[in-house]
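Okay, structure first, notes after.
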Amino acid sequence: MSDSAREITNLIYTYAELLDGGDLDGVARLFEHGRICGVEDGPPETVFAGAARVREMYDMATRIYEDGTPKTKHNTTNVQLHIDEAAGTARSTSYYCVTQATPDLPLQVIVTGHYKDTFARVDGAWRFDTRTMFVDQVGDVSQHLKF
């Protein structure tokens, strides 16, 4: 695996680790130079650009429990990378499967889907450019989402 491939893959996995740890500021910082799109080619209100807007999105949507976490595990798999070293850009697709257990919800899969990500090398480091989230299957998200 090339250094770029390792750095980008680590970025993808870091997103899940920070989110599951309840570090919403850390998640937001991953998108300091990028954005999250809730819908592919969606209207402007579905695009959250920059760290502040990404943090607002997670504050609006994600339940955080007394231990400071959403009590989830985001398992990311099937990462496929396409890197253009000369241009300093990359794209990837991956699957996600989110499990959750709370005092009121036994351990279970609550949602599965896939990501389409783009990346840019900024000041020598790989950064998220765009993350588009696709939901493929939905279970009981009542203990995870605020809406």
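Going by our numbering, the first residue of the sequence shown is number 48, and it counts up by one from there.
Idealized CB from N, CA, C, for every residue including glycine.
From a predicted model like this one, the values you see are computed outputs, not experimental measurements.
- The C-alpha of Leu154 lies about 31 Å from the C-alpha of Leu128.
- Shortest Cα-Cα distance from Val188 to any of Thr159, Thr165, Asp170 involves Thr159.
- Distance from the CA atom of Glu92 to the CA atom of Thr179, rounded to whole angstroms, is 14 Å.
- About 34 Å separates the Cβ atoms of Thr165 and Thr149, ruling out a contact at the 8 Å cut-off.
- Fully enclosed beta strand (DSSP E) runs of no fewer than 3 residues occupy 136-149 of the segment 135-165, in order along the chain.
- Judged by pairs of C-beta atoms under 8 Å, the segment 73-87 touches the segment 95-109, as three or more such pairs exist.
- According to the DSSP assignment, Thr56 belongs to no beta strand (DSSP E) but to the alpha helix (DSSP H) extending over 50-67.
- Assignment of beta-bridge partners to Phe181 by DSSP yields His161.
- Counting C-beta pairs with one atom in each stretch, the segment 108-118 and the segment 61-70 have three or more that are closer than 8 Å, which means they touch.
- Here Ala96 carries a strand assignment [DSSP, helix/strand/coil].
- Between Thr140 and Lys120, the beta carbon gap of about 20 Å keeps them out of contact (Cβ cut-off 8 Å).
- For Val94, the CB contacts under 7 Å within the same chain, skipping 5 residues up- and downstream, are Arg82, Cys84 in chain order.
- Selection Arg168, Phe181, Tyr143, Arg174 evaluated against Gly89 yields Phe181 as nearest (Cα-Cα).
- Residue environment analysis places Ala172 among the exposed positions, since fewer than 16 neighbouring C-beta atoms fall within 10 angstroms of its C-beta.
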